[in-house]
């Protein structure tokens, strides 16, 4: 696997060429299809029994119907886990939004927290700690609400033939 830091220069050049610097799309698009997420989905879909798909084809279902009625319902746990992992890593990402956004309206929370730390009157520890707690609350809420999906998605990803 390639570390994400290696891809920063080509991704930044691509965002400049597409005119997506200082936009929300420039921050969001490169983080959607992380290699780890693609690998998790690949391994899960590789383990879907082909007999289920073949039985649906014999019954007269097309590819799209097989996907929406058989494969997609089976993949709900792993899709939930992937969505939560993507949310958490995107929420915590500092480097990419710091490089792509210079406009205060498009800065993410970690980049904004870095600007709070760099105040002109020195460090204000109470303000920094309050900001960090508020920044971590959405992650805690997401984990508490979806911890079953996270555990189920991770548990079912590596099972072969079960």
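Numbering (our numbering), first residue to last: 1418 to 1579. Where a beta carbon is used, it is the ideal one built from N, C-alpha and C, also for glycine.
In the displayed model, residue 1510 falls within coil according to three-state DSSP, outside both helix and strand. Under the 8 Å Cβ criterion, the stretch 1551-1561 counts as touching the stretch 1498-1517, having at least three qualifying pairs. Residue 1523 carries a coil assignment under DSSP once its states are collapsed to helix, strand and coil. Of all alpha-carbon atoms in 1455, 1461, 1445, 1460, the one lying nearest the alpha-carbon of residue 1509 is that of 1445.
In the structure shown, residue 1467 falls within a helical segment according to DSSP collapsed to helix, strand and coil. Relative to the Cα of residue 1568, the nearest Cα in the group 1493, 1467, 1471 belongs to 1493. Residue 1496 holds the alpha-carbon nearest to the alpha-carbon of residue 1455 among 1474, 1496, 1505. Check the Cα spacing between residue 1461 and each of 1491, 1521, 1430, 1539: the tightest is with 1491. Taking 8 Å as the upper bound for CB-CB distance, residue 1440 and residue 1523 are in contact here, some 7 Å apart. The Cβ-Cβ distance between residue 1515 and residue 1533 does not fall below 8 Å.
If you draw a straight line from the Cα of residue 1463 to the Cα of residue 1470, it is about 12 Å long. With contacts defined as CB atoms closer than 8 Å, residue 1473 and residue 1483 qualify as a contacting pair. In the three-state DSSP reduction, residue 1440 falls in the coil class, being neither helix nor strand. Cβ neighbours of residue 1563 within its own chain (closer than 6 Å, five residues either side excluded): 1501.
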